[in-house]
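The opening residue of the sequence shown carries number 886 in my numbering; numbering runs sequentially from there.
Remarks on the structure that follows.
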Amino acid sequence: MFCAFTLLCQVRSNHFAYCSACITNVGPIENQDNSDDDIRSTVIFHIRMATKGLLCTPVLWLLLLSIQVSLGADELRLSNGTGPCSGRVEVKHEEQWGTVCDGDWTIEDAEVVCKQLQCGSAVKALNRAPFGEGSGPTWLYRLDCRGDESALWNCSHSGWGAFNCPHYFDTGVICSGFSELQLTGGDTACSGHLKVKQKETWAMVCFSHIDFKTASVVCNELECGQAVDIFRGTHFEDRHELIWQEEFHCEGNETHLAHCSRTLHHRQSCSHYATVVCSGYGGYRLANGSTTCSGRVELLHGGTWGTLCDYLWDLPAANDLCQQMDCGVALLIPDGQYFGKGNESVWNGTFSCKKNISGLRGCPVSVLGHDECPTGKDARVVCSGCPGGRLVNGSTCSGRVEIRHGDTWGRLCRSHWNLQAANVFCHQLNCGYAKSIQTGDRFVDGNGLVWRDAFHCAGTESCLWDCAQVTLGNPTCSAREAATVICSGLAESLRLSGGESRCDGRLEVSLHGLWSRVLDDDWDIKDAHVVCRQLQCGIAEKAYYLPRSQRGIGLVGLRSVQCAGNETQLMLCKTSQSQTVPTGVAEDVGVICSGSKQIRLVNGTKRCAGRVEIYHDGIWGTICDDNWDLSDANVVCKQLGCGHAIKAFASAHYGEGSGQIWLDDVNCTGAESDLWTCVSRPWGHHNCRHKEDAGVLCSEFLALRLVNGNDCAGRLEVFYNGTWGSVCSNRMSQLTAITVCKHLNCGNGGEIEKDFKYGRGFGPTWLDHIECTEQHSSLWQCQSDPWDPQSCDNRAEETHISCTGRKETIPPATFAECPNSTSCSDREKLRVIGGEDGCSGRVEIWHQGFWGTICDDSWDTADANVVCRQLGCGSAVSALSEAAFGEGTGPIWLEKVHCEGTESSLWDCPTKPSLGKNCDHKEDAAVNCSGITETTVSPTKADPPRRPATESTRISVPVILCIILGALLCLVLAILAGQIRSARQRGSPTSYDTFSEVVYEEIDYNLMRDKQGVTGLSDFYSESSKTKAQFYSGDSDEDNGPGTTQEVSSLPGNALEDGYDDVTEAPGPKDASLSGQNNQENIGILEESDRNKDSQTDWSPNVSGNRTSEAETRSSPAFEDTRYDDVEELGH
886 MFCAFTLLCQ VRSNHFAYCS ACITNVGPIE NQDNSDDDIR STVIFHIRMA
936 TKGLLCTPVL WLLLLSIQVS LGADELRLSN GTGPCSGRVE VKHEEQWGTV
986 CDGDWTIEDA EVVCKQLQCG SAVKALNRAP FGEGSGPTWL YRLDCRGDES
1036 ALWNCSHSGW GAFNCPHYFD TGVICSGFSE LQLTGGDTAC SGHLKVKQKE
1086 TWAMVCFSHI DFKTASVVCN ELECGQAVDI FRGTHFEDRH ELIWQEEFHC
1136 EGNETHLAHC SRTLHHRQSC SHYATVVCSG YGGYRLANGS TTCSGRVELL
1186 HGGTWGTLCD YLWDLPAAND LCQQMDCGVA LLIPDGQYFG KGNESVWNGT
1236 FSCKKNISGL RGCPVSVLGH DECPTGKDAR VVCSGCPGGR LVNGSTCSGR
1286 VEIRHGDTWG RLCRSHWNLQ AANVFCHQLN CGYAKSIQTG DRFVDGNGLV
1336 WRDAFHCAGT ESCLWDCAQV TLGNPTCSAR EAATVICSGL AESLRLSGGE
1386 SRCDGRLEVS LHGLWSRVLD DDWDIKDAHV VCRQLQCGIA EKAYYLPRSQ
1436 RGIGLVGLRS VQCAGNETQL MLCKTSQSQT VPTGVAEDVG VICSGSKQIR
1486 LVNGTKRCAG RVEIYHDGIW GTICDDNWDL SDANVVCKQL GCGHAIKAFA
1536 SAHYGEGSGQ IWLDDVNCTG AESDLWTCVS RPWGHHNCRH KEDAGVLCSE
1586 FLALRLVNGN DCAGRLEVFY NGTWGSVCSN RMSQLTAITV CKHLNCGNGG
1636 EIEKDFKYGR GFGPTWLDHI ECTEQHSSLW QCQSDPWDPQ SCDNRAEETH
1686 ISCTGRKETI PPATFAECPN STSCSDREKL RVIGGEDGCS GRVEIWHQGF
1736 WGTICDDSWD TADANVVCRQ LGCGSAVSAL SEAAFGEGTG PIWLEKVHCE
1786 GTESSLWDCP TKPSLGKNCD HKEDAAVNCS GITETTVSPT KADPPRRPAT
1836 ESTRISVPVI LCIILGALLC LVLAILAGQI RSARQRGSPT SYDTFSEVVY
1886 EEIDYNLMRD KQGVTGLSDF YSESSKTKAQ FYSGDSDEDN GPGTTQEVSS
1936 LPGNALEDGY DDVTEAPGPK DASLSGQNNQ ENIGILEESD RNKDSQTDWS
1986 PNVSGNRTSE AETRSSPAFE DTRYDDVEEL GH
């Protein structure tokens, strides 16, 4: 092959030196001129050599092949036209130019000529020598082209020189000479300098080469309406810019600029650009709206913005405008002058978009005039503001889910598609909520691009893109595994807003296309049941009035709703409609449905790890870690779409929560779909503190780092499935390295190191073929191969990255725990400001190093009582609101404080931390205390829970009188019983002894029987719960569920501090003999107390038998964890 290659090259240069393996006895040939005759003579010479056996056969074939190459390939040109892209068609064959003859010369034949010459598209196909008669042979005759051939002679024809055609049948072609035209540098897409694309280069058109008729053709071809003006543009200064050499002569009615006649100008000079201004699309905007995606439609025309007056404006047209402005879909067209009149400029026209267009250029407006616009005819719209999502192959509100990345649409893989994400998607399309995502293959057919993005939504986001997005490592999907959804549809006229889910919050109705408020002075649970039923949110758990800070503004849609409770829709109830707020009724209504329950992980660095919290009854609360294990954690991870559980954490591993503790003694099998379907104590029933909050770490928790260098340089590792592992560098670009650096806050630049200076990794190699784009702000959003612990073939493929930046060192936030010292009590973290003394004023608390206020939402005398008592100021005279002692400054730490009034500290009351959205300092809470310190006795039983606002939560005077009279009656009966007993003792000593003996035997028997019963029942409790049942001395009212009572029993030695569930230490071997009997008696009493407490809470444990062995294992001393409860030794 080397010999053959050498020969081929040397034939081209006429300088031969033969390969000894092929040719012998031949000397070098002298250098000759590179003429065709010399090449021919050389070839003939070597053919003679081959016949003598001096030249091998393969080389001879290569030599013959080189003859065609040496003599030149066939060529094509256009002659005698106005330029290189018009004229008579001529072909060079066998080194001679000739013509093409065809009596049936078509536009398809001409298209091949123009494309081969890179002259744009064919404008005309001409015959009968339109550019004069040619000369030479007629090379091609009767061609039959399809139009997509790469060369004219590749079309079907009769053969080279097959027919000697008279030259008055010579063919001609007029090509456009350019493939595209555009207006650039103007204020809009329909004004600017005129340019045409010649081959691969844009050429500037001179002002002297066009006129107004030409400008009209340009505007028409660009779908920009009519020509408004042409004028000299800026002075031409760039001498290297290509200038179009032809002058256009248009009639004005041509559909394309290429159809206009032209004359060639060989003069290269051009003084000014040609600038064209068209009427039609000059630009759109939405004015006077609350967002950039809502408002009055304005059109830029002739340099002036004016309101678009469109008599045919409707929702489909508005939807087209929203989509082309990247504002999602049209939600509604408001009535009347909703967005004002504008600057009085009006453009009358009709807006319409062509199908399958990209950009508003395909939505021209034919401007009809500049007249006044009748009322109601001005175009206006409210868009969703959520771009890049659509439903296809179904209806407006059902079908296959597609999303857009950049300009590319694709299907969404259903492997991570869930109901929460579907709800958000339906909402952004103005299609209500998601009814179902299990549609089979109903909307799925054909092939297409599939995006592997996973969207992790809470359900309250406005747009799908607001949800956490993870693509990295997701499995591949086929086109038939696309996500689908059936939404409730546009007809839904009801929603709950401002809550934590679509199933709780302020009630709103849609009337005449506008969402309006619902006001009612007799709102009850029956009305709420209808709302929940209509929204498919289960049953109503609460009907309530919104506090002042959460009340809506604007139109009122309904008031005085009266439902029987069995209606299917709210509009079937007795209602009245009103557009104004009626006198005496100013309270918006809200609903909490059973379907509002949610779960989240809090205080982890990323999603899929953190403290477990559940949203129930309108309040977020935590889970107690009693009996908390991997089976329970698995349910949480599965419910959140976070894979499986890696670890179940106890003892507030992710920090202590606040407020409610919703569940205790959770006992899941692992197969449950929701955590609250597992066996557990009833809602709110527990014996825990927040230092026992449960947490989880799930397998899809992700983290990123660079190791063996510094924070911004090293070997790239990713944390997945509970393990750090390396990342492979195959197909990785610098853009991916830059994305990694941005992700790690290490600057906007980075390089992939090739010298592997950061060492070899160990453990799994998780990922390969990571590809990021400029749109990705996080590595988690990039495409890659699926997760695989053996992604790399060897360690040499590991990724090493150096970033250009360095992480800013941000010192951790340090908060003073106390206002004036290193240690303090709850009393020192509470104060009142602005009153005459220290017992009246605005309530302030110390938190995270700052004094802050409390919002007055639900602030009442019970809350004020706790504050006054904690301050040592007696009882509350009044609970004041609306900044009665002046507005505070700084943060508002708490809202919705719910004290029973018996707590010893405000920190024991259930509260909702303020997020700063619902309150301001005009609503600061205050108190006015009596100033008289009262001696109080700790209650032995918890008060009943606070009832809804419609029920009384205070003990009335008659009830108090009944209690006093009952106590007096009990006292009288006790005195009488004592007198009767004394009389019996004096009358018969024998009967006294017998009675006494019987009584003590009965007590002994009952005590033993009760202990046995408690012991049997305790087998159903976790070990930590049994320990608390023996030693627990009672929590504050917050810690016990509704309806519970608790017997308080004093323990010997030190008293328990702060109400924590501290455990007394059992006596050691030395003092067991001294205290064993007393301890046994105390344990018996406490077990009885705890048993009574459980019986009153109606908790019926029902734990699966397969967990018994595990509980027994955990009860072993080898498995005890001293972190769970503080241990305090009994005093002697």
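Each residue gets a CB set at the ideal place from its N, CA and C atoms; glycine is no exception.
Beta-carbon separation (whole angstroms), residue i vs residue j, contact threshold 8 Å
| i | j | result |
| --- | --- | --- |
| A995 | A1007 | 4 Å |
| F1063 | G1005 | 5 Å |
| C1631 | R1691 | 7 Å |
| G1274 | Q1323 | Not quite, the Cβ-Cβ distance comes to about 20 Å (not below 8 Å), so this is no contact. |
| L1756 | C1709 | At roughly 14 Å, the Cβ-Cβ gap does not stay under 8 Å, so L1756 and C1709 are not in contact. |
| H1529 | C1583 | 7 Å |
Outcome for residue i when other beta-carbon atoms lying within 10 angstroms are tallied against a minimum of 16
| i | result |
| --- | --- |
| Y1158 | buried |
| Q1083 | buried |
| V1266 | buried |
| S1230 | exposed |
| Y1053 | exposed |
| Y1430 | buried |
| Y828 | The chain is shown from 886 up to 2017; residue 828 falls before or after that span and cannot be answered. |
| N2051 | Residue 2051 cannot be examined here, being either before or after the span of the chain that is shown, 886 to 2017. |
| A958 | exposed |
| G1284 | buried |
| V1161 | buried |
| C1804 | buried |
| R2075 | Given that the chain is displayed from residue 886 to residue 2017, the structure contains no residue 2075 and the question cannot be resolved. |
| R1566 | buried |
| I1508 | buried |
Per-residue DSSP class, three states only, for residue i
| i | result |
| --- | --- |
| L1297 | strand |
| D1517 | helix |
| Y1223 | coil |
| W1198 | coil |
| H1341 | strand |
| G1610 | strand |
| L1068 | strand |
| L1276 | strand |
| V1564 | strand |
| T1774 | coil |
| N1039 | helix |
| Y1605 | strand |
First and last residue of the uninterrupted alpha helix (DSSP H) at residue i
| i | result |
| --- | --- |
| C1312 | The amino acid occupying residue 1312 in the given sequence is His; Cys does not appear at that position. Run containing H1312: L1304 to Q1313, per the alpha helix (DSSP H) assignment. |
| A1749 | T1746 to Q1755 |
| L1486 | Run containing L1486: none in the alpha helix (DSSP H); it sits in the beta strand (DSSP E), Q1483 to V1487. |
Residue i - containing beta strand (DSSP E), residue span
| i | result |
| --- | --- |
| E1106 | Note, E1106: premise wrong, no beta strand (DSSP E); alpha helix (DSSP H) at F1097 to E1106. |
| R1444 | V1441 to Q1447 |
| R1265 | R1265 to C1268 |
| V1403 | L1399 to L1404 |
| H1685 | H1685 to C1688 |
| Q981 | Q981 to C986 |
| I1059 | G1057 to C1060 |
| C1163 | H1157 to C1163 |
Heavy atom of the ligand GTP within 8 Å of residue i beta-carbon
| i | result |
| --- | --- |
| C1709 | Questions concerning the ligand GTP fall outside what the structure shown contains, since it holds no ligand whatsoever. |
Original post:
Any chance the region 1285-1305 sits against the region 1227-1237, with 3 or more Cβ pairs inside 8 Å?
Top reply: With the cut-off at 8 Å, the region 1285-1305 and the region 1227-1237 do not touch.
Original post:
Counting pairs of beta carbons, one from the region 1425-1433 and one from the region 1408-1416, are three or more of them closer than 8 Å?
Top reply: Yes, the region 1425-1433 touches the region 1408-1416.
Original post:
Does the count of Cβ pairs from the region 1551-1565 and the region 1508-1528 closer than 8 Å reach three?
Top reply: Contact between the region 1551-1565 and the region 1508-1528 is present, with at least three C-beta pairs closer than 8 Å.
Original post:
Does the region 1536-1550 come close enough to the region 1477-1485 that 3 or more CB-CB pairs lie under 8 Å?
Top reply: Verdict: no, contact absent.
Subject >> At least 3 beta-carbon pairs within less than 8 Å: the region 1613-1623 vs the region 1641-1661 >> reply: The region 1613-1623, when compared against the region 1641-1661, does touch it at the 8 Å Cβ threshold.
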